[in-house]
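What follows is a single structure, written as structure tokens, with notes after it.
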Amino acid sequence: MTRRNAVRLALLAALVALGALLFLLGKEHQLFIDNQNVTVSGRDLAPIESLRVSVAGGEPMEFMADDRDVTVVRGPRASIRVEVLDQDGKVLKTVDASLSFSFEDRAMISLPALVEGLPYRLEPPGAQ
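Residue numbers (our numbering): 120 to 247.
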């Protein structure tokens, strides 16, 4: 193999690696955030009356009991901050978590399970 072909092959490998990296960093995922009744690890969890949720440092979203919302997250990881609120809007408890994505397009988290420290990833709607 000549030196020119070796350089071309190295450049091609670098471009393929760069493309794979950009794919992983730029991939968008739908994240369903659920504050509904759920059974996790044999425990029935009721929805929490009032929550404030921030995903990946974004704008906080307000959740009431039985709410479900969806947001779009970019990249292989996202941070989640959940603040449990009282009736006056004061923060009673704050929970921080990290969520990792692989190649799935959708994920769903249960806020009651997250606040209780239980496994909080659920099967998203439409998953097979």
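The C-beta atom is built at its ideal place from N, Cα and C for all residues, glycine as well.
- Nearest to residue 214 by alpha-carbon distance, out of 205, 234, 170, 197, is 234.
- Taken through DSSP and simplified to helix, strand or coil, residue 197 comes out as strand.
- Here residue 237 carries a coil assignment [DSSP, helix/strand/coil].
- Looking at the DSSP output, residue 127 bridges to nothing.
- Residue 226 sits buried, since 16 or more C-beta atoms from the chains shown fall within 10 Å of its C-beta.
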